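Presented below is the structure to which this report refers.
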Amino acid sequence: MTAPGLVEVRDLVLCAGGRTVLDGVRLDVAAGEAVGIVGASGSGKTTTALAVLGHLRDGITHVAGTVHVAGAPVLPGRPPRGVGYLGQDPGASLNPYRTVRAVLTAAGGVRRDRAGVDALLGRVGLPAGLARRYPHQLSGGQQQRVALAIALARDPGLLVLDEPTTGLDVLARADVHRELASLRAAGVALLWIGHDAETLAANVDRLVTVADGRVVASGPPEPARFTLTSEAAPAEVVLAASGIVGGYGATRVLHGVDLHVGAGERVAVLGASGTGKTTLARVLAGLHPAAADTVTVDGATLHPDVRRRTRPQRAALQYVAQSPSEALHPRQPVRTALHRPLRLLRNLRGAAADAEAAALLEVVGLSADTAGLLPAELSGGQRQRVSLARALAARPRVLVCDEVTSALDPGTRDAVLGLLGRLCAQDGLGVVLVTHDVEVAATADRVVVLAEGHVVADGPVPDVLGGDLLPGGVPSHLVELLRPDVADPTVRGTVNVVPSRRAAVTAPTVVSDDSPPTG
Amino acid sequence: MIRLVAGRLATGAALLVLLSLLVFVGVDLLPGDAANARLGASATPARLAETRQRLGLDRPVLVRYADWAGGLLRGDLGTSVSGTPVSAILGGRVANSALLAGLTTILLVPISLVVGMWAGLRPGSRRDRGVAVASLLFVAAPEFVTAGLLVLVFAIGLGVLPAVSLIPPGAGPLDRPAALVLPVLALLLLHASYAVRMIRATIAATVRAPHVEFARLNGEPPRDVVRHAVLPAVLPVALQVWLLTAAALVGGTVLVERVFGYPGIGEVLVTAVRTGDLPVAQALVMVLGAGVVVALLAADVGVRLSTPTLRTAEQPAPVAFR
Amino acid sequence: MRWPGTRVASGVLAVLLVVIVVGPLVAPYDPAAPVGLPYEPPTPQALLGTDALGRDLLSRILDGGLPMLGTALAGAVAGSALGTVAGLLAAWWDGRSGRSRWVEGAVLRPLDTLAIVPPMLLVLLILTAFTGHAGLVLAVALTGVPLSARVLRAAAAPVVTRAHVEAAVARGEGPAWIVGRELLPLVAGPLVADLGIRFVAAIYVVTAAGFLGVGPSGTDWGTLIVEALPGVELAPLLLAVPVVLVALLAVSVTVLADDAVRRSRAVLA
Amino acid sequence: GSPASAPTVVGSGGGGAAESLDPFISGTPSDYARNWTVFDELFAISDGNPLPRLAVGVDQGDGAFTVRLRDGVTWHDGSPFVADDVAYTLRYLASPERPVPHELTGFLDTAQVQVRDPRTITIPTLQPVGDPAMLFAGAGMRVIKDGATFAPGGTAVGTGPYRLGAFEPGRQARLTRYDAHWDGAPFADEIVVISLDDPSARVNAVRTGEADYAADVPFTVARTGAGGDDLEVRSAGDTQRTSLGFVMNTTIRPFDDPRARRAVRMLVDRQALVDRVLLGYGVTGNDLFGHGARYFDDTVKAPATDVAGAKALLEQAGAVGAPLVVRSAEYEAGMNGSTELFVEQLKAAGLDARAEIVGVQEYFAPDALAATHLLTFPLGPFPLDVTYARSAAFPTLALNDAELKTAVATAFSTPDEAARAAAWKTAQAVMADRGNWIVWGLADTLAISRRNVAGIEVRDSAKYPYLGKAGLA
Ligand SMILES: Nc1ncnc2c1ncn2[C@@H]1O[C@H](COP(=O)(O)OP(=O)(O)OP(=O)(O)O)[C@@H](O)[C@H]1O
Ligand SMILES: Nc1ncnc2c1ncn2[C@@H]1O[C@H](COP(=O)(O)OP(=O)(O)OP(=O)(O)O)[C@@H](O)[C@H]1O
Ligand SMILES: [Mg+2]
Ligand SMILES: [Mg+2]
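Protein chains in written order, with my numbering: chain H, 51 to 569; chain F, -16 to 305; chain D, 3 to 271; chain L, 4 to 476.
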């Protein structure tokens, strides 16, 4: 199984409806080697990975080239044996209609008994008690590991991993990275796709870069970069919130969160998935009902419901939502997106509004022509800038940004974060940066760490994020902070099974006894 | 789950009450009334007035409604304007129509599932397109036209099946099963076609779902993929379609019943509405409405039970009890 | 799913529409006046033969497309429009957690009441109340509203929570802007598909009403089908021509509507 | 005929599920066919004349008449038929609990009925009745047993040629032979009366051998042919034809003017309507209802078609361009079709005519009737008493004419045969001259039957034949 030259892709050309998707890809994976593939979105990473599995998605046709796995051709449609596959989205990969045990009993085409299933779970670091659950009753990390267990059920010599951690929060990501590291150590070859070269670099032997369906670079990875910045402490406080309590129905998500932001200060709110970061941001924005009037901007108390806030209050606190593709109306041009707040919050119309819109676009680094385009005609980074411009149109004092960079590739992400930094410095704008990404948090002035709806740390970036790095680039100190079993013993044992609003990110609010015993 | 069912039944009952009031007042507002219909050409004004008085039609509509509702609470469906108690008119007929609807549904389930799977597992294939077009054609043709053609071929042409549903007194349709074949077939062609279309589409979409792709790419045998990953995904949708079809069949057998002279509620329904026979129309609205409420509730419960995310939503994860 | 279905369907529909729209102008005879004896076979004078009262079938077919299309379209559009407004409002109020739910109830409860009346009964009741085409339009619309509302509500549910909708609320937009400009454009796909289904159902209602004896008189294709039934043995064309035309119309519209569903992201995603 | 079972299909014109054992609630043709066989009437109509059945004669008295009853008649349960049964029947049909008042209660004082002896009964009248036998025959009054009630699920005891066996409303009734019938034992052992609403279903049932006889089938069946060697299409004959026509509303313009009425009668192309609506299965009418009844004047001719003359008359009446609404409902096959064609004929003559097609339950709604100019009206071969009584009692249908009123009143009340005949002649002459009827056609009543079915008689109407003498030859 582990003969040299495990995977040989030679001059592979795949087309989709006349368009070339893969244009002469050449790729080798040796037995036991870990190869990473990076590239921009749409560059053909997934298509390559699936080709290695002998699978072409509907609409893709094989034009030329060969793919051999363990010496046997796999294209077209002859899936190799002994190759495990782990998809991008663990939540969607698992059969939602079967329990973990039912799936694992027959996984890999072999029947196994109870002990066999438990052993398989053990291999990926999961307790046997999980076997009775359905996929939606698992956290994202647990789902990912069950999927891994299914892939391992074939006893593969090669694992094909397609962005296995994109949907996961810091904790789950660290867990998965740990598992993969141990597999790699056990001699399983990995073909690992990601769009984040820095994270991948720490985990593979060799990195291949794909662009427009072609392999453009190949070589050993560069070491991880991790910069911690900290600026001077700010003066006057623009946003102050104290004792924020909020939840959904009877479930309480925020248990008295305090937050203050100074003028020109960037405060990152960091936390695992499902800890209530978005809820917090929405309470601040007046979009989610909160228990009491707990938010003040420049000393003035804001009504908990945005519709009951005065016009200047609405303008003073602006909220930039998570996904740039959802934040803009797909059928409205950028001009409309900017004109509406100008008209409603600043009473600008016609030529005055046009001029102001152009100025806003310039501020966020976009050309004035952008005004006529639809969101679909913009790149992700451009879209995010338009959202920012729309928020800035109100001339806010505070900007609450919810994961504004999570959907962006590293280059665009840095540009957007840079822009925010500039705005803080120039206009004294206070920024709340909600994120689950440590690297994003590292660009702020101060970090507030949220776990289980409690603030568990609040301080300058180096204090909170310093220390050793775990595989996957997560500071070990932070992992300690986020482990909630330490935080509140009273809620132990009640696993939150509220279906997440986004299927990809399902995480338990409390990790109970059957959480990974790590290692 | 029990709370859901109880709650939904209560809402359903409330809606039925609202509905009965709407229908009662609405039908009363129609031009002409039962006295007119009853007397026909012999409806001289004097006789008309007397008949109205005898039937109580001269009283205000709300008083009559209250009367009717009171009777209903005591289990009395009232008396048709023809003088016959409504319960005697409806009696076995509701059961006969339910039999027709039930048989159709029972046959519809396996047929639509098998044909839908057969087509949907190979989306875009020749057989898939064939099924799609054929089902469309059957959906587009009114069932009484289909039924008429069936009679022409199987009863008059080949003489193998009865053209009309003659059920002797004291017997039920099940005592003459041959009489059920053509009516059920006519209903089936229409409704199964619809179900096949829906199920086919769901299967075609499920086959491309990530969890199916994942299972396949990790070497699960095709038969197991269909059994474990495709079918369970289709079941909630199919259940909805089946039960909604059953709901549509409640009172939807009218046209076919008429073609075959089947002793169901069809003819009663048409006559009652057309002659303004309020007590009968009301009783039917209640019976059929209740049938639909139950079918819709069953659909919801079925979907809930066949979807793990919904089924487990109200209970904690299994391990939490340890 | 790349098959010629869509193109064929568009072609058939185009031809049918031309026949329907131009038909009344080119009909050789007055569709209401007898031109011969009943049930005459096709002759050069009456190309499709005559109907039960000796009127020219071809003229009646040509004349009857427009009323049929008019009724079906008006009913379908009215039903879909009502359903859309109700569905969007319901989704909008439902989507705002923690806020009062009574509006949703006020919008949906009457529709639920409609939904539990078996459609055939509803058709009978309505057509007994309002004879003629107005009644048909109403019957088609009312039998369709509950389902349309549900479909649109389901389609709008994922849309109402989108960030741009919240942004609109936060900056103080009114309900007209939110429902009309934020939500409506994003449910256009399901809306078109629903319209297609309503349209086919409308044709069906017209025929069924005629069969039950509550349909309007005239040359409406649905009415022609029903009128042809008693004499089908004498003149099969009387039944065959309108049935085939209605089937072609229904099939081509359904194929195109299916296509609209397939292309609309909101339904699939 | 031989003693064999002869299942008979009889049409049911809707409402079959409401069929009742009560002969006074009868509404559908199969109801009639069944009840007419289970019960006997005092007098029946045969070829337009009263035929003594349970009664053997009537003696006129002062403000009352005395009915002599047949001897030796027994009920199906064996008890003898007596005058008390008739008295009970009259009380029963006058009972205020009944949903619909019976037509006879307008003529008879049922509260004052006197039973003289078991064979004799005296019935006081509320208004003069010239021909009581005809009154009873026209009203089709069956006699029920003293004390009878007709609860659903129960049975019915009559004196008729067949006893009621199993019965399910709207489906079937099985009738078994009553050997002790006073009119001689019937032929068939059993007759099955089936209710089928849809005309095609009735025909199909006979064609596929599931039934032997179906009454009232569409004309298209006659055109297609019976569809088998052992099948035939039968016509009920000339006297059983149904008169089809329109009635002009003389209470509003333009038909308050006799010239306008005459003009329209001159316009209508009767033959064209017969050819198309009836497919030729019938003949043109002479604008008088009552064809087939005693005293019907078939010497009267309808006005000749004369479009120019009609237009001149309309001009004189000032009715040119007046809107004409023709109201119709399909409560008899062909009503709406005839209306559509009739409207086309009026339009062709330059009149502003329009058809108003409504549902059956609102057709006779008085307000709407009062506002329409013409309405379709079919009438079977009822006695002239019934025909004229009905139209006189309804303002929209009535012709307000002194001469007509006197003639009809005389015909109703005079016991003198010759005077009655003369009065009817006068009444019909008035209708022919300035009447408001347009009876354009006399429609055949067709049945499809197995050839060996014999003995089916027409009494009241061919749509629900008398089965008492039926059998398979
Ligand atoms: N089934 C398909 N039919 C047609 N085109 C396809 C199909 N699947 C992918 N493509 C196209 O092929 C190209 C490569 O897609 P692929 O999924 O391999 O990208 P990727 O590098 O994995 O991107 P991402 O990082 O967004 O996952 C894209 O332009 C995509 O639009
Ligand atoms: N509409 C809702 N109804 C019920 N519970 C909800 C709802 N939305 C979120 N929750 C729950 O509230 C908790 C906090 O959610 P929130 O979205 O604030 O988390 P987050 O920290 O933003 O997570 P992420 O990093 O995944 O965005 C989670 O447990 C989530 O499951
Ligand atoms: Mg990819
Ligand atoms: Mg969030």
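Every residue gets a Cβ at the ideal spot worked out from N, C-alpha and C, and that includes glycine.
Source: prediction; values computed, not measured.
1. Roughly how many angstroms separate the alpha carbons of V(-12) of chain F and V284 of chain F, rounded to a whole number?
2. Decide if S82 of chain L is buried, meaning its Cβ has at least 16 other Cβ atoms within 10 Å, or exposed.
3. For G244 of chain H, collect the residues of the same chain with a Cβ closer than 7 angstroms to its Cβ; drop the 5 residues on either side in sequence, then sort them by chain order.
4. Kindly list, in the order they appear in chain F, the residues whose Cβ is closer than 8 angstroms to that of A249 of chain D.
5. Taking only the alpha-carbon atoms, compute the straight-line gap between L423 of chain H and T86 of chain D and give it to the nearest angstrom.
6. Under 7 angstroms Cβ-Cβ, which residues of chain D neighbour G234 of chain F?
7. For the segment 170 to 184 of chain F, which residues have a CB atom closer than 7 angstroms to at least one CB atom of chain B, in sequence order?
8. For a cutoff of 9 angstroms on Cβ pairs, would you count P30 of chain D as touching chain L?
9. Give me the chain D residues within the contact set of H379 of chain H, using Cβ-Cβ distance strictly less than 7 angstroms, ordered along the chain.
10. If the cut is a Cβ gap below 9 angstroms, which residues of chain L does T225 of chain D touch?
11. Taking C-beta pairs closer than 8 angstroms, name the residues in chain D that G131 of chain F reaches, listed in chain order.
12. Going along chain H in order, which residues have a C-beta closer than 8 angstroms to the C-beta of A102 of chain F?
13. Inspect the beta-carbon positions of Q243 of chain L and S452 of chain L and report whether they are closer than 9 angstroms.
14. By a C-beta neighbour count over all protein chains shown, 10 Å radius and 16 as the cutoff for buried, is L107 of chain L buried or exposed?
15. If I186 of chain F sits next to M269 of chain F, beta carbons under 8 angstroms apart, how far is it from one beta carbon to the other, in whole angstroms?
16. I'd like to check one pair, S95 of chain F with A175 of chain F: are the Cβ atoms closer than 9 angstroms?
17. Within its chain, find whatever has a CB closer than 7 angstroms to the CB of G415 of chain H; leave out the 5 residues flanking it on each side and keep chain order.
18. How about V216 of chain D and G362 of chain L: do their beta carbons lie closer than 9 angstroms?
19. Between R440 of chain H and chain D, is there a C-beta pair that is closer than 9 angstroms?
20. What distance in whole Å lies between the Cβ atoms of D43 of chain L and G161 of chain L, which are believed to be in contact at a cut-off of 8 angstroms?
21. Which residue spans inside the segment -10 to 46 of chain F form an unbroken alpha helix (DSSP H) run of at least 4?
22. Is it a yes or a no for the segment 149 to 165 of chain D touching the segment 177 to 193 of chain D, going by three-plus beta-carbon pairs under 8 angstroms?
23. R364 of chain H: which of H:L442, H:L188 and H:E406 sits nearest, CA to CA?
24. Measuring straight from C-alpha to C-alpha, what distance separates G383 of chain L and L247 of chain L?
25. Answer yes or no: does any C-beta atom of chain D fall closer than 9 angstroms to that of F127 of chain F?
26. For chain L, find out if any of its Cβ atoms is closer than 9 angstroms to the Cβ of V147 of chain F; answer yes or no.
27. Whose Cβ in chain F lies nearer than 9 angstroms to the Cβ of D261 of chain D?
28. State whether the segment 214 to 232 of chain F contacts the segment 84 to 91 of chain F, with contact taken as three or more CB pairs (one from each stretch) at a distance under 8 angstroms.
29. Ignore the nearest five residues each way along the sequence and tell me which others in N403 of chain L's own chain have a CB closer than 6 angstroms to its CB.
30. Below 7 angstroms on C-beta distance, what does Y619 of chain H contact in chain F?
31. Please report the distance separating the alpha-carbon of G9 of chain F from that of L129 of chain D.
32. Roughly how far, in whole angstroms, is the beta-carbon of L180 of chain H from the beta-carbon of V150 of chain H, given that I think they are within contact range, below 8 angstroms?
33. Tell me the DSSP bridge mates of E235 of chain L?
34. Name the chain L residues whose beta carbon is nearer than 9 angstroms to that of S61 of chain D?
35. Within the 9 angstroms Cβ cut-off, does V456 of chain H reach chain F?
36. Would the segment 218 to 232 of chain H count as touching the segment 155 to 171 of chain H if we require 3 or more Cβ pairs under 8 angstroms?
So, to answer that:
1. Cα to Cα, the separation comes out at about 8 angstroms.
2. By the neighbour-count criterion, in which 16 or more other beta carbons inside 10 Å mark a residue as buried, S82 of chain L falls on the exposed side.
3. The answer, listed in chain order, is G86, V88, E213 and L250.
4. Correct list: L120, A123 and A124.
5. Cα-Cα distance, rounded: 28 angstroms.
6. Residues of chain D with a Cβ closer than 7 angstroms to the Cβ of G234 of chain F are, in chain order, P120, M122 and L123.
7. Within the model displayed, chain B is absent; protein chains H, F, D and L are what it includes.
8. Cβ-Cβ to chain L under 9 angstroms: no for P30 of chain D.
9. Neighbours of H379 of chain H on chain D, chain order: H166 and E184.
10. Near T225 of chain D there are no residues of chain L at all, since even the closest Cβ is about 11 angstroms away, more than 9 angstroms.
11. Within 8 angstroms Cβ-Cβ: L231 and V234.
12. For A102 of chain F, no chain H residue has a C-beta closer than 8 angstroms to its own C-beta; the minimum C-beta separation is roughly 16 angstroms.
13. The answer is no: Cβ separation not under 9 angstroms.
14. So L107 of chain L ends up on the buried side.
15. No, I186 of chain F and M269 of chain F are not in contact; Cβ-Cβ is about 38 angstroms, not under 8 angstroms.
16. Yes, the pair counts as a contact, with Cβ atoms nearer than the cut-off.
17. Cβ neighbours of G415 of chain H beyond the five flanking positions: R435 and L469.
18. With a cutoff of 9 angstroms on beta-carbon distance, V216 of chain D and G362 of chain L are scored as near each other.
19. Contact of R440 of chain H with chain D is assigned, a C-beta pair being separated by under 9 angstroms.
20. With a Cβ gap of about 7 angstroms, G161 of chain L and D43 of chain L count as contacting.
21. As far as the segment -10 to 46 of chain F is concerned, its whole alpha helix (DSSP H) runs of at least 4 residues are 17 to 22 and 28 to 38.
22. Output reads yes: the segment 177 to 193 of chain D touches the segment 149 to 165 of chain D.
23. For R364 of chain H, the nearest C-alpha among the options comes from H:L442.
24. Each residue's alpha carbon lies about 9 angstroms from the other.
25. Output row for F127 of chain F: interface = yes.
26. Interface flag for V147 of chain F against chain L is set, since a Cβ pair is found closer than 9 angstroms.
27. Chain-ordered listing is empty here: chain F has no CB closer than 9 angstroms to the CB of D261 of chain D, the nearest sitting near 12 angstroms.
28. The answer is yes - the segment 84 to 91 of chain F touches the segment 214 to 232 of chain F, with three or more Cβ pairs under 8 angstroms.
29. Hits under 6 angstroms: none found.
30. Because chain H is modelled from 51 through 569, residue 619 of chain H falls outside the range shown and cannot be assessed.
31. Those two C-alpha atoms are separated by around 12 angstroms.
32. So it is a contact: roughly 6 angstroms between Cβ atoms.
33. Its beta-bridge partners are L:S452.
34. In chain order: nothing, as chain L lies at least about 13 angstroms away.
35. Contrary to the premise, residue 456 of chain H reads as Ser rather than Val in this sequence. Chain F contact via Cβ: absent.
36. They do not touch, by the three-pair rule.
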